[in-house]
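S.K.: Sharing a structure with you now.
Residue numbers (full-length UniProt numbering): 1 to 249.
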């Protein structure tokens, strides 16, 4: 009877997969630890910590702030996005670069800058990210100093007022070392588990009588036991190691 192709006909059950993974648990655990360690070291060695200094501003659209209507509030909310765009203009960025005197170009400062409205209100927040926490604070507060006059020049109405100045950041916001380490460990776990299962699935070596049953319809008459060459004891585990040879399909 012709032997069938093992890779086409053999099915690995979930129980068998679990057994394979448990058998190579030490290898998978080692790969997981190695992946986590590599991710940790790469994060520490190659990713520069970034500090974020934030400040907030209030947008108003009328000079008479004793009597503010809903229309004024709505208009101010709409102006927030406009003001954020103005604060990223070359005119403002060049002034910030000059006033801060830290040696950054307008382009470099723009890459550090981000801003967004707070909960759809007339208040928006600016954030400066920089490897130096003191530089981040100084640049953020320089925006507060420069922006109002430039906004008035462009918009010709309303302005902004400082709500909170930037405080000195004490801890970096990135990189997230814990997250990167966990991701590295997870990748090591998944990759090693996939390799172990795939290697077992592609292995066409006939190791047991059960393998022959899966591949052919030839009846099994008997199994030659493995003989321990040292003390002559028979080990009837059905596997061919020293006592029998392995065959490839």
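Glycine residues also receive a C-beta, built at the ideal position from the N, C-alpha and C atoms.
Quick check: the Cα distance between residue 181 and residue 173, rounded to an integer number of angstroms?
M.R.: C-alpha separation (whole angstroms): 16 angstroms.
S.K.: Could you work out which residue in 22, 198, 208 and 93 is closest to residue 151 when comparing CA atoms only?
M.R.: Here the closest residue by C-alpha is 93.
S.K.: Checking 7 angstroms against the spacing of the C-beta atoms, do residue 289 and residue 79 come in under that value?
M.R.: Nothing in the structure corresponds to residue 289, since the chain is present only between 1 and 249.
S.K.: If you draw a straight line from the alpha carbon of residue 104 to that of residue 97, how long is it in whole angstroms?
M.R.: Answer to the nearest angstrom: the Cα atoms are 6 angstroms apart.
S.K.: Please report the distance separating the alpha-carbon of residue 153 from that of residue 115.
M.R.: Spanning the two alpha carbons is a distance of roughly 20 angstroms.
S.K.: Using three-state DSSP, classify residue 129 as helix, strand or coil.
M.R.: Three-state result, residue 129: strand.
S.K.: Once the 5 residues before and after residue 88 are set aside, which same chain residues still bring their CB inside 7 angstroms of it?
M.R.: Hits under 7 angstroms: 110 and 113.
S.K.: Please work out which residues of its chain come closer than 7 angstroms, Cβ to Cβ, to residue 106, disregarding the five sequence neighbours upstream and downstream, and give them in chain order.
M.R.: Cβ within range, chain order: 90, 93, 94 and 97.
S.K.: Rounded to whole angstroms, what is the Cα-Cα separation between residue 124 and residue 77?
M.R.: If you take the alpha carbons of residue 124 and residue 77, they lie about 9 angstroms apart.
S.K.: In the structure shown, what three-state DSSP assignment does residue 122 receive?
M.R.: If DSSP states are grouped into helix, strand and coil, residue 122 belongs with coil.
S.K.: Verify whether the separation of the beta carbon atoms of residue 52 and residue 169 is less than 7 angstroms.
M.R.: Yes, the Cβ-Cβ distance between residue 52 and residue 169 is below 7 angstroms.
S.K.: Residue 161 lies in the beta strand (DSSP E); which residues open and close that run?
M.R.: Unbroken beta strand (DSSP E) run through residue 161: 159-164.
S.K.: Pick helix, strand or coil for residue 89, following the three-state DSSP scheme.
M.R.: If DSSP states are grouped into helix, strand and coil, residue 89 belongs with coil.
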